[in-house]
Amino acid sequence: MKPRNALDWIAFVLLLVGAFSWGAFVTDVNILDRALEPIADPLDDVAFVLIAVAGLYWIIRVLGAGPKEPDR
-4 MKPRNALDWI AFVLLLVGAF SWGAFVTDVN ILDRALEPIA DPLDDVAFVL IAVAGLYWII
56 RVLGAGPKEP DR
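Heads up: the sequence shown begins at -4 in my numbering, then just goes up one per residue.
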């Protein structure tokens, strides 16, 4: 299943950021925390919430409750 609209793409990119962030977190390097801490400390919390919402969006979409794909 590939992204079909702007919301799909935004959620997909957030999922990729989250995946790479978790991969780095396992190695004790929190990429989002290091990247966003100089700007604002709560900003990384907002990013993780957006990543979680994107994950829920894609779970719902994959399970079939999201937008239907057009018939060909």
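For every residue, glycine included, the Cβ atom is placed at its ideal position computed from N, Cα and C.
Our contact map puts residue i next to residue j with C-beta atoms below 8 Å; I'd like the distance itself, whole angstroms only.
i	j	result
L9	L45	6 Å
How long is the line joining the alpha carbons of residue i and residue j, rounded to whole angstroms?
i	j	result
A35	F15	21 Å
G13	W53	13 Å
K(-3)	I55	14 Å
W17	D3	21 Å
R29	A47	19 Å
Could you tell me whether the Cβ atoms of residue i and residue j are closer together than 8 Å?
i	j	result
A49	A6	yes
L51	A42	no
Say yes only if the C-beta of residue i is nearer than 7 Å to one or more non-hydrogen atoms of the ligand MG, and no if none qualify.
i	result
L31	As for the ligand MG, it is missing from this structure, which has no ligand bound.
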